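Following our numbering, the numbering of the sequence shown begins with 4 at its first residue and continues without gaps.
Using N, Cα and C, we set each Cβ at its ideal position, and we do this for glycine too.
Please read these numbers as outputs of a predicted model, since none were measured by experiment.
Here is the structure we will look at, set down as structure tokens.
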Amino acid sequence: MSESRVFGLDFLRAAAILLVIVAHASFMFLPLTHRLEAWWMLGHLGVELFFVLSGFLIGGILARQAQDVRFAVGRFWVRRWLRTLPNYYLFLVINIVLARWIEGSWPHAAPYAVFLQNFAWPQPLFFIESWSLAVEEIFYLIAPLLVVVFGGRLARRVDPLLLVVLAIVIATAVRVIYVLKFDPNWDLSLRMVSLVRMDAIAYGVVAMLLCRRSPGLSSRAANVLAWCGAFGTLLAVALYLALPKDTDLFSRTGLFSLISASFAAFLPAASNWRRSGMPVVVDNAVRAIARWSYALYLCQLAVMRAMNVTFAGSAQTFAGCLLQALVFMALSIGCAALVYRYFEAPILRLRDRWTRESTRPEGTTPNAEASGASTL
């Protein structure tokens, strides 16, 4: 285990993917009840937490590299793409094969190859989990270009934090206009539309800039922010459950901002939580789930699709549904561990060799120059 890993960030990453897995495990109970919205909310929250984590870590990389006169946008993209694309395309192919097997026809997958399946229109049901990866890849494409454009003289005259906040305001305004013009439903036509979700990642960048502005942000200040984040999260959960999301204006605009800001408020405290202080078994489990989180996010619904056409989805008792949910979670985690060990990790080692940059573990803080930041 590397001493430079930050347990707090690993903990949040592990929590995010487990929220998603638990939410999807609840699908196994559909034969008994459709009143599962509170469980599905956990999955929504997990993805939003991933977004702010990505902004925090990738923003730190860009902030560090922007200070280097040799900063090359192309090199940043190559490293990001070697981190994200191999797993993505592997599971795109797997899901194409699954769709052919299950539905008897080939899906329309061409837009998925260039992450345009949900750019400004509803996310299709095929490979639905890919929607968040499209948001992230567009952010990775745009963010370094913005650093190049605004990272020179303008950054010396205008606080970069103000520039990021301005970008969030603009992105939020785009979402409001989109909602007023198209009256979309909350999930497929809004939450999963890349054009109106760029601000979700930017909130993590704000948290990173606050940490860089005050290196070693005091534990007291970080804890106050974390308590504010906890209050904001509880408020967001209450509003999520109480408001009619498909018709309420705040649910389709400000609720996303509240969730992202609340989660971003946890990040300074998490970045200060360097060692777990937990039993070794728990510590190792958290770090393992964090390492496997990207593969786990991609494989879990593929596992469920395969289960549903073989032995799952037909249980009529609580015990049967619970057993299927536990099997789904176990198979997903096992699949992710194998993908990480035999596919993802070797590619990351090759990436670091090809780009001649020493490997720094994922989960380090921006101040520690986190070159290995993970994605979903």
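Assigned secondary structure, G280 (DSSP; H/G/I helix, E/B strand, else coil): Sequence index remark: in the sequence shown, residue 280 carries index 277 (1-based). In the three-state reduction of the DSSP assignment, G280 falls in the coil class, being assigned neither a helical nor a strand state.
Where E139 and V55 are concerned, what is the direct C-alpha to C-alpha distance, given to the nearest angstrom? Residue mapping note: residue 139 aligns to position 136 of the sequence shown, counting from 1. Residue mapping note: residue 55 aligns to position 52 of the sequence shown, counting from 1. Answer to the nearest angstrom: the Cα atoms are 11 Å apart.
Inter-residue Cα distance where the pair is L353 and F346: Looking up residue 353 in the sequence shown gives position 350. Looking up residue 346 in the sequence shown gives position 343. Between L353 and F346, the alpha-carbon positions lie close to 11 Å from each other.
Hey, which unbroken runs of the alpha helix (DSSP H) at 4 residues or more fall wholly within the region 198-258? Entirely contained in the region 198-258, the alpha helix (DSSP H) runs reaching 4 residues are, in chain order, 202-216 and 222-245.
Do you know whose CA, among V208, L261 and N121, lies nearest L166's CA? Counting from one through the sequence shown, the residue named residue 166 turns up at place 163. Among V208, L261 and N121, the Cα nearest to that of L166 is on V208.
For V117, does the count of other Cβ atoms within 10 angstroms reach 16, so buried, or fall short, so exposed? Start at 1 with the first residue of the sequence shown, and residue 117 comes out as number 114. By the neighbour-count criterion, in which 16 or more other beta carbons inside 10 Å mark a residue as buried, V117 falls on the exposed side.
Taking 8 Å as the threshold, find out whether the region 46-61 comes into contact with the region 325-333 through three or more Cβ pairs. Not touching, per the Cβ criterion.
Is the beta carbon of A205 sitting closer than 8 Å to the one on I180? Looking up residue 205 in the sequence shown gives position 202. Looking up residue 180 in the sequence shown gives position 177. With a cutoff of 8 Å on beta-carbon distance, A205 and I180 are scored as not near each other.
Compare the C-alpha of A32 against each of I350, F321, L341 and A339 and name the closest. On the sequence shown, residue 32 is found 29 positions in, with the first residue counted as 1. A quick correction: the sequence has Phe, not Ala, at residue 32. Looking at the Cα atoms, F321 is the closest of the given residues.
Buried or exposed by the 16-neighbour rule on C-beta atoms within 10 Å, applied to I145: Taking the first residue of the sequence shown as 1, we reach residue 145 at position 142. With a threshold of 16 other beta carbon atoms within 10 Å, I145 falls short and is exposed.
What number of angstroms, rounded off, separates the C-alpha of A112 from the C-alpha of S265? As a first step, residue 112 is located in the sequence shown; it is residue number 109 there, counting from the start. As a first step, residue 265 is located in the sequence shown; it is residue number 262 there, counting from the start. Rounded to the nearest angstrom, the gap between the Cα atoms of A112 and S265 is 35 Å.
Nearest to D190 (by Cα), restricted to the options A328, A268, W80 and P125: Residue mapping note: residue 190 aligns to position 187 of the sequence shown, counting from 1. Ranking the options by Cα distance to D190, first place goes to P125.
Got a sec? Which residues, its chain only, sit under 6 Å from L450 by beta carbon, not counting five neighbours each side? Residue 450 lies beyond the residue range present for the chain, which begins at 4 and ends at 379; the question has no answer from this structure.
Quick one: residues in its chain with C-beta nearer than 7 Å to the C-beta of C302, no 5 flanking neighbours on either side, listed in chain order? Residue numbering aside, residue 302 sits at position 299 when the sequence shown is read from its first letter. For C302, where only same-chain residues beyond five positions count, the Cβ hits under 7 Å are F94, S335, C338, A339 and V342.
Span separating the alpha-carbon of R308 from that of E106: Here residue 308 is taken as the residue at index 305 of the sequence shown, counted from 1. Here residue 106 is taken as the residue at index 103 of the sequence shown, counted from 1. Between R308 and E106, the alpha-carbon positions lie close to 11 Å from each other.
In angstroms with no decimal places, state the Cα-to-Cα distance between A371 and S279. Locating residue 371 in the sequence shown gives position 368, where the first residue counts as 1. Locating residue 279 in the sequence shown gives position 276, where the first residue counts as 1. In this prediction, A371 scores a pLDDT of 37, lower than 50, which makes its location untrustworthy; the coordinate-derived value is nonetheless stated afterwards. Between A371 and S279, the C-alpha separation is close to 18 Å.
DSSP state of N121, grouped into three classes? Counting from one through the sequence shown, the residue named residue 121 turns up at place 118. Of the three classes helix, strand and coil, the one that applies to N121 here is coil, per DSSP.
Would you kindly report the start and end of the unbroken alpha helix (DSSP H) that includes L88? As a first step, residue 88 is located in the sequence shown; it is residue number 85 there, counting from the start. Membership of L88 in the alpha helix (DSSP H) is indicated by the continuous run V76 to E106.
Output the residue ranges of the alpha helix (DSSP H) runs that lie fully inside the region 9-48 and measure 4 residues or longer, sorted by chain position. For the alpha helix (DSSP H) assignment, the uninterrupted runs of no fewer than 4 residues enclosed by the region 9-48 are, from N- to C-terminal side, 10-28.
Is the CB-CB distance between A17 and A348 below 8 Å? Locating residue 17 in the sequence shown gives position 14, where the first residue counts as 1. Locating residue 348 in the sequence shown gives position 345, where the first residue counts as 1. No, the Cβ-Cβ distance between A17 and A348 is not below 8 Å.
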